[in-house]
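Colleague: Once you've had a glance at the structure underneath, I'll fire off some questions.
Protein chains in written order, with my numbering: chain C, 291 to 440; chain W, 193 to 810.
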């Protein structure tokens, strides 16, 4: 598991309440998720309770509390994607990887999330794996695309 | 600076849409082709010029000749065009989609003018004027195109005069509510206190909308210049841009633009000797749709849960950290430089009374020509969908406007002008600009459930009617699409919808029932078919449909057998295959491959059975 240099992260902030969300985003950027240890360190730095931090972090869907997979799959569930078969595409990914969305495969190769809208609506349906975006997706192209990722 | 270039310029659309369509592979091919042939050429990566369905787009300008645009360019096609045009002088006119010259000439070889194309001709690109024409990462390009001239005009006036100009122009908030921009500003300006905040709302959460993303990616300075104008008008010296984290490219472009602004003295103290100080911080959203709402957005910047507050006090009086705050949408801000540069009367030349100016829309869904468009307010839905969008391949069914807060309008509303009041009268709203077109393959009951499921999940939970009411409405819709609808479900939905609307504190709850209410109003027969006859005419609702093989069309190629995850399709080669409905999970894999594969016979159909209504009594 990656070690986070918390002192380094906190040094960029003043320690105000408004720093909480950017700090959590910075930590998740390094660690891949928000660990209990991270919440403890943040609580000490900002001088607010761990409870309150968890309350804020759990409100926002960006933050995860379990370790991600090596590759992150995001299936777009926006309107244009839905109208062009987004739900069916998501189920096909779940079936292919044998996990439901919000979870990670056992071998930690992939984690799967549904996201609200990736903003590429004219080319629906869309999925994103790490930084790669695949547009005009079909169920039959899935296997070949997933095989590209270790 | 690009106009007088002595070497060829190659423009590539590498905003998020372009990238999703494969633009980066085209970029690589262009770079390799230039290098391999030792050709001189400048590559400029630009934003979205509009017709996303034509991405990847590559444009080539040879010195002294008009810019020529090529659509759906693959890496191989790019190589062919570059080699043909730059080495042999043949622009491959058959592969071109349009040219940007003022008129046709000997060099345009029968290629039509880009802006005369049916999708572009009715459009008026004001806010999007630079997208696709400048490199968004070069402040010099922006400056060469009258950039920051609007801001300098504003500085020459008093703040009250700037507000008056915006009032005269009749600009209404482009984020969805359409509230007169100048009014908010006036309240903030006259609120006591020296510390005031200016916030840009770039949280674009409506699924199906990407106008703000495209503007920031393609022309970030237009938004920043607008922020400066607004901040000057209200007297704020500190600003925030609240942008959703799901837009990493837009965030990167903003960061670069801000750095360049500082270098050129457009941010900081005494900007351009105006006596006005201003600086800006970027705050990334963390995935909460409700944070597009003003008070929730403010709470989020303050490091709290994004839960809306009751108003009054309005943010313009007491907002961020309790200080007078103005929140404006990306598109509203992007419009300001144009108003301050060309004047309010120029702006009023577009649009209709009370609805002046232009608006950007994302025209997507089942439409031939999907993409980012900008039209004068007041243009009819029919003109937008059919003239600009080219209509849908299958019969048109409905258009959804306003995202999850909006409504589905049926065919009878096609002649409605797109303006704030007309759309509200029809039961929908303008919203941020998403226009989702649907054909007969879309089930409105399924769509209503989709939207309500979205708003229910995004509800902050504070108000019981919203939190519980929307959940209950989703449960009822779930039963209906599964074929378990009951006789009084529709009236129950109606009552719940009205309760949620009236009992919610913020816009999310107040508008969440809209998709259901409008579809109940305009598509009631479809609901009745689901409830009484267990029939889904669009053949979408899983429990109500079945897949079948048409034996006469089946070529026996076994393509479907190889993709079926449950072994529901079986059959030896060269004989019509068998589909066992008890094993079929309706995943679409066989349907897709039978349609697209060259050997297959397009032999699979999806149908909804109509069951007699007296079966329900059992």
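The C-beta atom is built at its ideal place from N, Cα and C for all residues, glycine as well.
1. Would you kindly work out how many angstroms separate the C-alpha atoms of residue 404 of chain C and residue 231 of chain W, rounded to a whole number?
2. Mind checking who residue 556 of chain W pairs with in its DSSP beta bridge?
3. Taking one C-beta from the region 543-555 of chain W and one from the region 311-325 of chain W each time, how about it: are there three or more such pairs within less than 8 Å?
4. Check for me: the beta strand (DSSP E) holding residue 769 of chain W runs from which residue to which?
5. Cβ closer than 7 Å: which chain C residues qualify as neighbours of residue 494 of chain W?
6. With a threshold of 16 other CB atoms inside 10 Å of the CB of residue 500 of chain W, please say whether the residue is buried or exposed.
7. Cβ closer than 9 Å: which chain C residues qualify as neighbours of residue 558 of chain W?
8. Could you work out which residues of chain C lie near residue 628 of chain W, taking near to mean beta carbons separated by less than 7 Å?
9. Among W/764, W/773, W/791, W/741, which one has its Cα closest to the Cα of residue 783 of chain W?
10. Go through the region 319-402 of chain C residue by residue and report every complete run of the alpha helix (DSSP H) that reaches 4 residues or more, in order.
11. Just the Cα atoms here: how many angstroms apart are residue 793 of chain W and residue 199 of chain W?
12. Got a sec? Which residues, its chain only, sit under 6 Å from residue 666 of chain W by beta carbon, not counting five neighbours each side?
13. Enumerate in chain order the residues of its own chain whose CB-to-CB distance from residue 426 of chain W is below 7 Å, with the five nearest sequence positions on each side excluded.
14. Are any of the Cβ atoms in chain W nearer than 8 Å to that of residue 443 of chain C?
15. Taking residue 357 of chain W and residue 569 of chain W to be in contact with their CB atoms under 8 Å, please state how far apart those CB atoms are, rounded to whole angstroms.
16. In chain C, which residues lie less than 7 Å from residue 481 of chain W when you measure between Cβ atoms?
17. For residue 373 of chain C, which residues from the same chain have a beta carbon less than 8 Å from its beta carbon, with the 5 sequence-adjacent residues on both sides left out?
18. Does the CB of residue 711 of chain W have a neighbour CB from chain C at under 8 Å?
19. Who are the neighbours of residue 350 of chain C on chain W, taking C-beta pairs under 7 Å?
20. Whose C-alpha, out of C/428, C/313, C/351, is nearest the C-alpha of residue 786 of chain W?
21. For residue 428 of chain C, which residues in chain W fall below 7 Å Cβ to Cβ?
22. Please name the residue in W/351, W/374, W/345 whose C-alpha comes closest to that of residue 359 of chain W.
23. Are there 16 or more other CB atoms within 10 angstroms of the CB of residue 437 of chain C, so buried, or fewer, so exposed?
24. Is the beta carbon of residue 386 of chain W sitting closer than 8 Å to the one on residue 432 of chain W?
25. In chain C, what lies closer than 8 Å to residue 592 of chain W by C-beta?
26. By a C-beta neighbour count over all protein chains shown, 10 Å radius and 16 as the cutoff for buried, is residue 822 of chain W buried or exposed?
27. Roughly how many angstroms separate the alpha carbons of residue 466 of chain W and residue 275 of chain W, rounded to a whole number?
28. Whole angstroms are fine: how far does the CA of residue 591 of chain W sit from the CA of residue 806 of chain W?
29. With a threshold of 8 Å between beta carbons, is residue 248 of chain W in contact with chain C?
30. To which residues of the same chain is residue 685 of chain W closer than 8 Å at the C-beta, ignoring the five residues directly before and after it?
31. I need the straight-line Cα distance from residue 558 of chain W to residue 585 of chain W, nearest angstrom please.
32. Any heavy atom of the ligand MG closer than 7 Å to the beta-carbon of residue 391 of chain W?
33. Since residue 504 of chain W is in the beta strand (DSSP E), which residue starts that stretch and which ends it?
34. On the three-state DSSP scale, how would you describe residue 176 of chain W?
35. Relative to the C-alpha of residue 361 of chain C, which residue among C/294, C/420, C/300 is closest?
36. Do you know how far the Cα of residue 496 of chain W is from the Cα of residue 181 of chain W?
Modeller: Considering the structure as presented:
1. About 45 Å.
2. Checking the DSSP bridge columns, you'll see residue 556 of chain W partnered with W/628.
3. Touching, per the Cβ criterion.
4. Residue 769 of chain W -> no beta strand (DSSP E), and no H or E assigned at all.
5. From the beta-carbon of residue 494 of chain W, the residues of chain C found nearer than 7 Å are 307, 308.
6. Flag for residue 500 of chain W reads buried.
7. Going along chain C in sequence order, the residues near residue 558 of chain W (Cβ under 9 Å) are 373, 374.
8. Residues of chain C whose Cβ lies closer than 7 Å to the Cβ of residue 628 of chain W are, in chain order, 369, 370, 373.
9. Residue nearest to residue 783 of chain W within the set W/764, W/773, W/791, W/741 is W/741 (criterion: CA-CA distance).
10. Taking only runs of at least 4 residues, the alpha helix (DSSP H) segments lying wholly in the region 319-402 of chain C are 326-336, 340-349, 369-373, 376-387.
11. Roughly 51 Å between the two C-alpha positions.
12. Taken in chain order, the residues that qualify are 644, 645, 648.
13. Excluding its 5 nearest sequence neighbours in each direction, residue 426 of chain W has C-beta neighbours in its own chain below 7 Å: 377, 380, 381, 388, 390, 518, listed in chain order.
14. It is not possible to answer for residue 443 of chain C, since the shown part of chain C is limited to 291 through 440.
15. Not really, about 19 Å apart at Cβ, beyond 8 Å.
16. At a C-beta separation below 7 Å, residue 481 of chain W has these neighbours in chain C: 406.
17. The answer, listed in chain order, is 414.
18. No, no contact with chain C.
19. Chain W residues near residue 350 of chain C: 478, 479, 480.
20. It is C/428 whose Cα lies nearest to the Cα of residue 786 of chain W.
21. Going along chain W in sequence order, the residues near residue 428 of chain C (Cβ under 7 Å) are 784.
22. Nearest of W/351, W/374, W/345 to residue 359 of chain W, Cα basis: W/374.
23. Exposed: under 16 other Cβ atoms inside 10 Å.
24. It is not a contact, given that the beta carbons lie outside the stated cut-off.
25. Correct list: 369.
26. The displayed coordinates of chain W run from 193 to 810. Any statement about residue 822 of chain W would go beyond what the structure contains.
27. Each residue's alpha carbon lies about 51 Å from the other.
28. Low confidence applies here, because residue 806 of chain W scores a pLDDT of 45, under 50, leaving its location unreliable; read the following figure in that light. Computed Cα separation, rounded: 34 Å.
29. When Cβ-Cβ separations below 8 Å define contact, residue 248 of chain W makes no contact with chain C.
30. Result list for residue 685 of chain W: 665, 668, 669, 708, 712, in chain order.
31. Rounded to whole angstroms, the gap between the alpha carbons of residue 558 of chain W and residue 585 of chain W is 8 Å.
32. Looking at this structure, you won't find the ligand MG or any other ligand, since it has none at all.
33. No beta strand (DSSP E) holds residue 504 of chain W; DSSP gives it neither H nor E.
34. This structure gives no information on residue 176 of chain W, because the portion of chain W shown stretches from 193 to 810.
35. Among C/294, C/420, C/300, the Cα nearest to that of residue 361 of chain C belongs to C/420.
36. Residue 181 of chain W lies beyond the residue range present for chain W, which begins at 193 and ends at 810; the question has no answer from this structure.
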